[in-house]
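Asks:
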Amino acid sequence: MVHVKDINMFFGQYHALKNITFNLNKGEFLHVVGPNGSGKSTLIKILVGLLQPNSGDIQLDSSVIGYLPQALNISNQVPMSVYEVLKNITKNEADIDGWLHMMEMTDYKYEAMQHLSGGQKQRIFLVRALLQNPEVLILDEPTSALDPQFRETFLHLLHHLKQTHQMTIIHVTHDLTDVVKSNCKVLYIDQEARFFGAYKDFQNFSHEGHHHG
Amino acid sequence: MGDFLQFAFLQQALLIGVILSISAALLSPFLVLNQQGMIAHGLSHVSFTGFVLGLLFFDQPLIIAVPFVVLSSILIQYLTTKVKLQGDVSIGIVSSVAFALGLILVKTSSSFNVSVESLLVGNIFTLRAGDLFLSFVILLSITGFIWRYYQKLFLMTYDENYAIFLKIKVSFIRYLLAIFTSLFIVIGVRSIGVLLITSLIIFPAAIASKMSTTFKKTFILGIVIAVTASLLGILIAHPLNIPASASIVVVYTLIFMFSFFIKKGGHKK
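Protein sequence lines correspond, in order, to chains A and B. Start counting the first sequence at 1; every next residue gets the next number (our numbering). Start counting the second sequence at 214; every next residue gets the next number (our numbering).
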């Protein structure tokens, strides 16, 4: 489903990503973790096509990707309604209503984005990503700057999506408490991949003191 | 007031004022809400030199001014996207170099006999029918551009990275936006002047976004405000014998201050 091979990325002399390689099957949930500045966001930007790596190969068997960027990168100054944001992506009203219902945001369909809380906005931008009908969903620190209670709800939603829609999910986080389900995979990067495997094995890896994030 | 409006030149000034203000208001949200408003300011300075060059070599200064300003807008976009200069740095470099060139030409050329003040301040009351026609052509072109790219421009305004992710030709649309802005500036500068033409771009979205909760309302309210400000500004300017550009800015400023007392519509959660 997702095949990433020997990705290298340089910013000037700085070797931001070294030989990143991993594979995911359909319906797998990958958490990408690592300290600040480890290259997590760079990797995501490469996967969604916002950056071109200096070398390496990416194959996504599915052509459709859904992308939820970091909330910080979306302007808060532009007046716009939830409906305008979603209608911008699709004309299919049934799709809009369906995903809003699933995210428990139906009542906010015509609300101004500026009136929504950080968590509600993220749900709307998740709906925006889901309107692409993605087979691979890529999320860049979606829960940073959200309160812990909402974080849990949001991750629960993601696992629900994985199960109901067989989505492959790649979720970047700097907070390891986000990694909650044992049937997930973990990619721990700090410029290079330090760990890639099942969550239960990652627990052993981190207990051995390999990571300090 | 009735007699007052019988003056053909005043009717024409009002018509040009409305056409220019709508053109500017159509561009306004996509520039101002995306921190691109200063490109208009830079291009207005460039247009000064465009007109100086045009007046030196041709009877019709637009023959030089239009391509000069359009090419400068392309250069600003190029410096920002390809050379990776910050947007305001690109604008600052291109506009100050061009303006300096214009000042040198004015001072050193013996054949330049047009008042610099008329370029800096503009005069909407002395325009000819050709100017009205050109303003109308610009309005139609900008309307066509916005109509065609509205949804893409909206997405680029609030989340440019997502637009790139969706494979929208962001760079191409940015160039088009800069080109249409430069066309508006170069046509509008004779009425409004180099110094204040930017206000027509800045104020509509700056005010309307304070009073609206949706992008569409911001867009439409911006047009309504722009038409109101230009009509009032021109009607005030004529009897007081002050530049229309200055009185339009005063009206805009009053509306801007008033907007702080207007609560945004829409229901809170």
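Even glycine gets a Cβ: it sits at the ideal position worked out from N, Cα and C.
How would you label E215/A, buried or exposed, when you count the other beta carbons within 10 angstroms and need 16 or more for buried?
Replies: The displayed coordinates of chain A run from 1 to 213. Any statement about residue 215/A would go beyond what the structure contains.
Asks: M167/A versus chain B: which residues are under 7 Å apart at the beta carbon?
Replies: Those within 7 Å of M167/A in chain B number zero; the least Cβ separation is about 17 Å.
Asks: What does the alpha-carbon distance come out to for the pair L187/B and S323/B?
Replies: Outside the shown range of chain B (214 to 482) lies residue 187/B, about which nothing can therefore be said.
Asks: Rounded to whole angstroms, how far is the Cβ of V310/B from the Cβ of I289/B, which I believe are closer than 8 Å?
Replies: Contact flag wrong, Cβ pair sits at about 11 Å.
Asks: Would you check if there are 3 or more beta carbon pairs closer than 8 Å linking the region 3-18 of chain A to the region 48-59 of chain A?
Replies: With the cut-off at 8 Å, the region 3-18 of chain A and the region 48-59 of chain A touch.
Asks: Is the shortest distance between the beta-carbon of S422/B and the beta-carbons of chain A less than 8 Å?
Replies: At least one chain A Cβ lies under 8 Å of S422/B.
Asks: Would you please verify whether the beta carbon of Q364/B is less than 8 Å from any beta carbon of chain A?
Replies: Yes, because at least one Cβ of chain A sits closer than 8 Å to the Cβ of Q364/B.
Asks: Counting only Cβ pairs nearer than 9 Å, list the residues of chain B close to P69/A.
Replies: Ordered by position in chain B, the residues that pass the 9 Å Cβ test against P69/A are D372, N374, Y375 and F378.
Asks: What does the Cβ neighbour count give for W111/A, buried or exposed, with the cut at 16 atoms within 10 Å?
Replies: In the sequence as presented, Trp is not what sits at residue 111/A; that position holds Glu. It counts as buried.
Asks: S395/B and S241/B - do their beta-carbons sit closer together than 8 Å?
Replies: Cβ distance not < 8 Å, so S241/B and S395/B don't count as in contact.
Asks: Does the distance from the C-beta atom of I414/B to that of V283/B stay below 8 Å?
Replies: No, they are not a contact pair.
Asks: If contact is defined by three or more beta carbon pairs under 8 Å, each pair taking one atom from either stretch, is the region 293-303 of chain B in contact with the region 314-323 of chain B?
Replies: No, because fewer than three Cβ pairs between the region 314-323 of chain B and the region 293-303 of chain B fall closer than 8 Å, the two stretches do not touch.
Asks: Taking DSSP as the reference, what is the three-state secondary structure of V33/A?
Replies: Strand, per DSSP.
Asks: Who does Y199/A pair with in a DSSP beta bridge?
Replies: Looking at the DSSP assignment, Y199/A forms no beta bridge with any residue, so it has no partner.
Asks: Taking Cβ-Cβ distances below 7 Å as the criterion, which residues of the region 138-158 of chain A are in contact with chain B?
Replies: Going along the region 138-158 of chain A in chain order, one finds no residue with a Cβ nearer than 7 Å to chain B.
Asks: Tell me, please, whether the CB atom of L244/B is closer than 8 Å to any CB atom in chain A?
Replies: Answer no: the Cβ-Cβ gap between L244/B and chain A never drops below 8 Å.
Asks: I believe I355/B touches K365/B by the beta-carbon criterion, under 8 Å. Please report the beta-carbon distance rounded to the nearest angstrom.
Replies: That belief does not hold up - the Cβ atoms of I355/B and K365/B are roughly 15 Å apart, past 8 Å.
Asks: Checking 8 Å against the spacing of the C-beta atoms, do I229/B and I436/B come in under that value?
Replies: Cβ atoms of I229/B and I436/B: not closer than 8 Å.
Asks: For G12/A, does the three-state DSSP call read helix, strand or coil?
Replies: DSSP places G12/A in coil when its eight states are reduced to three.
Asks: Give the residues of chain A in contact with F367/B, contact being defined as C-beta atoms less than 8 Å apart.
Replies: Result: M80, E84 and N88.
Asks: Classify I475/B as buried or exposed, calling it buried when 16 or more other Cβ atoms lie within 10 Å of its own Cβ.
Replies: I475/B comes out exposed.
Asks: Going straight from the alpha carbon of K423/B to that of Q120/A, what length do you get?
Replies: Cα to Cα, the separation comes out at about 22 Å.
Asks: With 16 as the cutoff for other CB atoms within 10 Å, does L130/A come out buried or exposed?
Replies: By the 10 Å Cβ count, L130/A comes out buried.
Asks: Return the CA-CA distance between K45/A and Y291/B, expressed in angstroms with no decimal places.
Replies: Whole-angstrom Cα-Cα distance: 23 Å.
Asks: What residues in its chain sit with their C-beta under 8 Å from that of I252/B, if we drop five residues either side in the sequence?
Replies: Counting only Cβ-Cβ distances below 8 Å, and skipping sequence neighbours, we find L244, S286, I289, G300, I304, A391 and T394.
Asks: Would you mind sorting T262/B into buried or exposed? The rule is 16 or more other CB atoms within 10 Å of its CB.
Replies: Buried is the call here.
Asks: On the criterion of 16 or more Cβ atoms from any shown chain inside 10 Å, does S331/B qualify as buried, or is it exposed?
Replies: It counts as exposed.
Asks: Is it a yes or a no for the region 79-89 of chain A touching the region 102-111 of chain A, going by three-plus beta-carbon pairs under 8 Å?
Replies: A contact exists between the region 79-89 of chain A and the region 102-111 of chain A.
Asks: Going by C-alpha distance, which of L155/A, D95/A and N92/A is nearest S144/A?
Replies: Measuring from the Cα of S144/A, the nearest candidate turns out to be L155/A.
Asks: Could you tell me which whole alpha helix (DSSP H) segments of length 4 or greater appear in the region 278-327 of chain B?
Replies: DSSP runs (the alpha helix (DSSP H)) wholly in the region 278-327 of chain B: 300-321.
Asks: For chain A, is any of its Cβ atoms less than 8 Å away from the one on K429/B?
Replies: With 8 Å as the cut-off, K429/B counts as an interface residue toward chain A.
Asks: If you reduce the DSSP assignment to three classes, tell me which class V407/B lands in.
Replies: Coil.
Asks: Given H174/A, which residues of its chain have a CB within under 8 Å of its CB, disregarding the five upstream and five downstream residues?
Replies: V33, G34, P35, N36, K40, E141, S144 and G213, listed in sequence order.
Asks: What are the boundary residues of the alpha helix (DSSP H) that Q59/A is part of?
Replies: Segment S55 to L60 is the beta strand (DSSP E) holding Q59/A; no alpha helix (DSSP H) there.
Asks: With distances taken between CB atoms, is the gap from Q132/A to V48/A smaller than 8 Å?
Replies: Going by C-beta atoms, Q132/A is not nearer than 8 Å to V48/A.
Asks: At what residues does the beta strand (DSSP E) containing I169/A begin and finish?
Replies: T168 to V172 is the extent of the beta strand (DSSP E) around I169/A.
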